[in-house]
Amino acid sequence: MNESTLEWNGPDLLDLAPVARADGDLLALDASGGLHCIDLRDGRTTHLGAVELPAQTVENPGAFGLDSRWRLHASADGEFAALVFDGGRHGLVVALAPFRVALRLDGGDYYEDTVPFSACFLPLQGETVLIHRSAWNRLDASDPRSGSLFTARGPTSYENGERPPHYLDYFHGLLRPSPSGRLLFDSGWVWQPAGVPCVFDAAAWLASNVWESDDGTSKRRLALRDDWNLPACWIDDDHIALGGIAQWDEEEAENVAAPAGVRIVDVRQGTLAPDRIVVMSAEPKELFSDGRSLFATLAGDTAIWSLGSGECVTVFSGFAATHHHPRCRMLLQALPRRIRIVALD
Numbered sequence: 000m001n002e003s004t005l006e007w008n009g010p011d012l013l014d015l016a017p018v019a020r021a022d023g024d025l026l027a028l029d030a031s032g033g034l035h036c037i038d039l040r041d042g043r044t045t046h047l048g049a050v051e052l053p054a055q056t057v058e059n060p061g062a063f064g065l066d067s068r069w070r071l072h073a074s075a076d077g078e079f080a081a082l083v084f085d086g087g088r089h090g091l092v093v094a095l096a097p098f099r100v101a102l103r104l105d106g107g108d109y110y111e112d113t114v115p116f117s118a119c120f121l122p123l124q125g126e127t128v129l130i131h132r133s134a135w136n137r138l139d140a141s142d143p144r145s146g147s148l149f150t151a152r153g154p155t156s157y158e159n160g161e162r163p164p165h166y167l168d169y170f171h172g173l174l175r176p177s178p179s180g181r182l183l184f185d186s187g188w189v190w191q192p193a194g195v196p197c198v199f200d201a202a203a204w205l206a207s208n209v210w211e212s213d214d215g216t217s218k219r220r221l222a223l224r225d226d227w228n229l230p231a232c233w234i235d236d237d238h239i240a241l242g243g244i245a246q247w248d249e250e251e252a253e254n255v256a257a258p259a260g261v262r263i264v265d266v267r268q269g270t271l272a273p274d275r276i277v278v279m280s281a282e283p284k285e286l287f288s289d290g291r292s293l294f295a296t297l298a299g300d301t302a303i304w305s306l307g308s309g310e311c312v313t314v315f316s317g318f319a320a321t322h323h324h325p326r327c328r329m330l331l332q333a334l335p336r337r338i339r340i341v342a343l344d
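The opening position of the sequence shown corresponds to residue 0 in numbering that gives the first Met the number 0, with each subsequent residue numbered one higher.
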């Protein structure tokens, strides 16, 4: 294992996000609200600025399988960062040059403690778009520069006891854009409760149909299961890997017992396509892919699976990857006082 370590001397690290900036490859958020850019070649760190992180109260840590904490999302060019609290209501969008708070986010206060704060950045015709939850059942797209809304529509909630057209009875959760940014994966839940991971065409949503995220023709349900706060990663624009392989029993309204592993879904067909199953020794905590391999964090180790052969080819014992940097071909483990780095040869 080709490992190196970057020691951290500032306030504890909270999260990391890969970027491509002139001053480095990695954004870092610390416990004081500081944002930094790290050059992974020489370890040089540039302090970009700081914001106040509002105090957060977690009443039931670990409930619903959610790791309630501050999360950092970044645009690919590192021009914008979103700081959101998973399991909470609020977040901030920061423009990094010059440093300023560009947008304040409110994801609503209805069962927000059951899901990550839905947020990610997408490219649109050369510009960066912020995707974010603005209510439990509503996603929006905003311009992070001006704060203007690209997806104005309504109503999306009951008014005077009446259900509006396009009403979506769905709690939005983890968002994952496909490699091209055309598709958006959304891992949320519906009442029973049951997890219903979905995918829809984000390009069509932003270009032609403002209701695409609600009930558009491109929406595909990928599975039905007990849990929803499970890892997921895109392999390419047509396939996504989902943690958990249990099948749903319609009569019993629960999962059928199954071994640990990953389900690889063809998103073009959704639940109509037979899934590829990868059985593992433990349920994955994190999933990443470079299109050729699947990287799975299993307890305190990281296993690499060949997508061609379906075999586990390497295990990095004692290294639990928390992030993947595709451009730099690295796996990273973020710890409060250091960053462990494994180069992928």
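Glycine residues also receive a C-beta, built at the ideal position from the N, C-alpha and C atoms.
- Taking the Cβ atoms as the reference, residue 24 lies roughly 6 Å from residue 327, within the contact range of under 8 Å.
- In the structure shown, residue 190 falls within a coil segment according to DSSP collapsed to helix, strand and coil.
- Counting along the chain, residue 212 sits inside the alpha helix (DSSP H) bounded by residues 211 to 214.
- Residue environment: residue 190 is assigned as exposed (fewer than 16 neighbouring CB atoms within 10 Å of its CB, all protein chains considered).
- Under the DSSP definition of a beta bridge, residue 69 partners with 84.
- The DSSP-derived three-state label of residue 24 is strand.
- Contact between residue 330 and residue 320 holds: their C-beta atoms lie close to 4 Å from each other, under 8 Å.
- Contact between residue 198 and residue 261 does not hold, since their C-beta atoms are separated by about 16 Å, which reaches or exceeds 8 Å.
- Put simply, the backbone Cα of residue 157 is about 6 Å away from that of residue 163.
- For residue 204, no beta strand (DSSP E) run applies; the uninterrupted alpha helix (DSSP H) run containing it begins and ends at 201 to 206, by DSSP.
- With a cutoff of 9 Å on beta-carbon distance, residue 120 and residue 73 are scored as near each other.
- Annotation for residue 329: the continuous beta strand (DSSP E) segment containing it runs 329 to 334.
- Taking C-beta atoms under 8 Å as the contact rule, residue 174 and residue 185 qualify, at a distance of about 6 Å.
- For residue 54, the secondary structure class from DSSP, reduced to helix, strand or coil, is coil.
- A residue is called buried once 16 or more other Cβ atoms fall within 10 Å of its Cβ, and residue 46, having fewer, is exposed.
- With a threshold of 16 other beta carbon atoms within 10 Å, residue 248 falls short and is exposed.
- Our two residues, residue 85 and residue 57, have alpha carbons roughly 10 Å apart in a direct line.
- Cβ-Cβ distances below 7 Å link residue 341 to 0, 1, 2, 315, 318, 329 and 330 in the same chain, with the five nearest sequence neighbours on each side left out; the list follows chain order.
- Residue 171 is positioned such that its CB atom lies closer than 9 Å to that of residue 136.
- Between the alpha carbons of residue 106 and residue 269 lies a distance of about 27 Å.
- Judged by DSSP in its simplified three-state form, residue 149 adopts coil rather than helix or strand.
- Residue 130 counts as buried, since at least 16 other C-beta atoms from the protein chains shown sit within 10 angstroms of its C-beta.
- When 312, 193, 22 and 294 are compared, the shortest CA-CA separation from residue 254 is found for 193.
- Nearest neighbour of residue 109 by Cα position, chosen from 225, 126 and 87, turns out to be 87.
- By the 16-neighbour rule on beta-carbons within 10 angstroms, residue 4 is exposed.
- In this model, residue 160 and residue 213 are separated by some 20 Å (Cα to Cα).
- Under the three-state reduction of DSSP output, residue 77 falls in the coil class, being neither helix nor strand.
- The Cβ atoms of residue 287 and residue 323 sit closer than 9 Å to each other.
- In this chain, the beta strand (DSSP E) harbouring residue 285 covers 285 to 288.
- Within its own chain, the residues whose Cβ lies closer than 6 Å to the Cβ of residue 55, once the five positions on either side in sequence are excluded, are 84 and 87, listed in chain order.
- Judged by DSSP secondary structure, residue 126 falls within the beta strand (DSSP E) whose first and last residues are 126 to 134.
- Using a Cβ distance threshold of 9 Å, residue 104 and residue 118 count as a contacting pair.
- Of the other Cβ atoms in all chains shown, fewer than 16 fall within 10 Å of the Cβ of residue 252; this residue is therefore exposed.
- In the structure shown, the three-state DSSP call for residue 294 is strand.
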